[in-house]
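Its first residue numbered 1, the sequence shown is counted upward by one per residue in UniProt numbering.
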Amino acid sequence: MSLFSAVEMAPRDPILGLNEQFAADPRPNKVNLGVGVYYDDEGKLPLLQCVQLAERALMEKPAARGYLPIDGIAAYDNAVKALVFGAASEPVQSGRVATVQAIGGTGGLKIGADFLKKLQPGAQLLISDPSWENHRALFTQAGFEVGTYAYYDAAQRGLNFAGMLASLEAAAPGTVVLLHACCHNPTGYDLTPAQWAQVVAVVKARGLTPFLDMAYQGFGHGIVEDGAVIQQFVAAGLDLLVSTSFSKSFSLYGERVGALSVLCASKDEAARVLSQLKIVIRTNYSNPPTHGGAIVAVVLNDPKLRELWEHELGEMRVRIKHMRQQLVAGLKAAGVAQDMGFITEQIGMFSYSGLSKEQMLRLRGEFGVYGTDTGRMCVAALNSHNIGHVCRSIAAVV
Ligand code: PMP
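Okay, here's the thing in structure tokens:
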């Protein structure tokens, strides 16, 4: 009997497990629509020009690699604050936002989770039904009892907004509500600004704690448009947490660049919150890595590079929209009779296709087209070379 003899084999991560299966598939025309990664029209992971220029600039002045401060690079944290709340905004100007660099958006969520758990040990936490696979696991690991609020209406193919409001209205005061700021993962359905206003009102009236996950800022309608929901919460006078990820918007997946921002009531409160966030970081991994944060700080703080980033991000956004249109047209041309127009109503990287698990398994097994069992497909992995095969394959299974 060893110490670990009773350890059970954990289930494979559903999405990363799909990747392994994809890698082992010998078919040349296989297509991976499983993982949430943006590929260009050649099927390649882009290395943005703005990132290359920032790296060159950093290399011209090689820096020794000391430890970063616990909360990360100050120029990075300030750039995140400006991006999330607006540089000239009252919260930033008055110093009532506490921002820390984090290891990806996942890291931002986990720092926020650990901080909130300590602050309100008994609070429940709600995620959307459905939500990003890792939300439930991450908040459960942090000790929360995780419930859901209604979100997706499978029959109507869209948002179950009345259900969402009803769920929030039924939540106990102090419940943490995890909201997708834009480009909802996995469904691709976002709230309209008017619907957000209603959600903000309920969150305020019920005394709920809003935690916004912003993993796709700039992939929906634009950087400012996608961040507009934050302004609504600020205008309502609410405290909130925002996690940021630059994995997608900078195509820096492996550098693990993200942040957590906490909007507080005052500068003094923000200083106290920051001190607690630092304890969470210090006791988990001490301080963040340098390279990714340094790149993003250079780009966001240099007007020319920032303009280039916005341009390159815009190109990614437009290409995804184009692929949505091509998918709708291609499915029709391939003989799919049902109206697939909902695909262009969805936004961001993903489409909830409405396909059943059986259909998704057939797509994978017979055609080498990989999406998740739930029917989620990454539209950002479609390109002019693989879309024909994808459309014909879907047409064969529906
Ligand atoms: N939140 C959502 C909704 C996501 O889709 C993702 C990435 N798939 C993350 C957070 C995590 O982002 P990161 O890879 O930067 O940790």
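Note that CB positions come from ideal geometry on N, CA and C, so glycine has one too. Just so it is clear, the structure is predicted and the values come from calculations on it, not from any experiment.
### Message
So, under 8 angstroms CB-CB, Gln-101 and Ile-73 are touching, yes? Tell me the CB distance rounded to an integer number of Å.
### Response
6 angstroms
### Message
Whole angstroms are fine: how far does the CA of Leu-68 sit from the CA of Pro-289?
### Response
7 angstroms
### Query
Do the segment 241–255 and the segment 206–222 make contact, defined as three or more Cβ pairs closer than 8 angstroms?
yes
### Query
Counting along the chain, where does the alpha helix (DSSP H) carrying Val-199 start and finish?
193–206
### Task
Assign Phe-350 to one of three DSSP states: helix, strand, or coil.
strand
### Message
Can you tell me where the alpha helix (DSSP H) holding Pro-14 begins and where it ends?
### Response
14–24
### Query
When DSSP labels each residue in this structure, what does Glu-225 get in the three-state scheme?
helix
### Query
Does any heavy atom of ligand 1 sit closer than 7 angstroms to the C-beta of Asp-226?
no
### Query
Cβ atoms of Gly-34 and Cys-183: under 8 angstroms apart, would you say?
no
#### Entry: Euclidean distance between Cα positions of Glu-225 and Gln-232
12 angstroms
### Message
With DSSP as the reference, identify every bridge partner of Ala-98, one or two as the case may be.
### Response
Val-262
### Query
Which same chain residues, not among the five before or five after Gln-326, have their C-beta less than 7 angstroms away from its C-beta?
Ile-387
### Query
Within 8 angstroms (strictly less), CB to CB, does Leu-313 reach chain C?
The structure shown contains no chain C, having only a single protein chain.
### Task
Just the C-alpha distance for Gly-43 and Val-298, rounded to the nearest angstrom, thanks.
28 angstroms
### Query
Quick one: Cα of Thr-175 to Cα of Gln-124, how far?
5 angstroms
### Task
Verify the contact flag: Trp-132, CB atom, against every heavy atom of ligand 1, threshold strictly below 7 angstroms.
yes
### Query
Are the Cβ atoms of Ile-394 and Val-318 separated by less than 8 angstroms?
no
### Query
Does the Cβ-Cβ distance between Phe-85 and Val-234 come in under 8 angstroms?
yes
### Contact test: Ala-172 Cβ vs ligand 1 heavy atom, cutoff 7 angstroms
no
### Task
Would you mind stating whether Lys-267 and Gly-108 have Cβ atoms separated by less than 8 angstroms?
no
#### Entry: Rounded C-alpha distance that separates Gly-368 from Leu-18
12 angstroms
### Task
Following the continuous beta strand (DSSP E) through Pro-62, name the residue where it begins and the one where it ends.
Where Pro-62 is concerned, there is no enclosing beta strand (DSSP E), given that its DSSP letter is neither H nor E.
### Query
With Leu-308 and Cys-50 assumed to form a contact (beta carbons below 8 angstroms), what rounded beta-carbon distance in angstroms separates them?
4 angstroms
### Message
Please give me, in chain order, every unbroken run of the alpha helix (DSSP H) with length at least 4 that falls completely inside the segment 25–81.
### Response
49–60
### Contact under 8 angstroms by Cβ, Leu-212 with Leu-240
yes
### Task
State the CB to CB distance for the pair Gly-330 and Cys-391, rounded to an integer number of angstroms; the pair is presumed to be in contact (CB under 8 angstroms).
4 angstroms
### Query
In terms of alpha-carbon separation, which member of Val-202, Thr-344 and Leu-238 lies closest to Leu-165?
Val-202
### Which listed residue (Leu-252, Phe-144 and Gly-143) has its alpha carbon closest to that of Leu-313
Leu-252
### Task
Let me know if Phe-4 comes out buried or exposed under the rule of 16 or more other beta-carbons within 10 Å of its beta-carbon.
exposed
#### Entry: When Gln-93, Asn-29 and Lys-118 are compared against Ile-279, the one with the closest alpha-carbon
Lys-118
### Query
Going straight from the alpha carbon of Lys-30 to that of Leu-355, what length do you get?
19 angstroms
### Message
Short of 6 angstroms in beta carbon distance, which residues of its chain neighbour Met-377, apart from the five on each side in sequence? Order them along the chain.
### Response
Leu-33, Ser-351, Ser-353 and Gly-371
### Task
Return the chain-ordered list of same chain residues with a C-beta closer than 7 angstroms to the C-beta of Pro-193, the five sequence neighbours on each side being excluded.
Ala-228
### Task
Report yes if the C-beta distance between Gly-207 and Pro-173 is below 8 angstroms; otherwise report no.
yes
### Query
Does ligand 1 have a heavy atom nearer than 7 angstroms to the CB of residue 403?
The question about residue 403 has no answer, for the chain in this structure spans 1 to 398.
### Message
I'd like to confirm something about Tyr-352: is its beta-carbon nearer than 7 angstroms to some heavy atom of ligand 1, or not?
### Response
no
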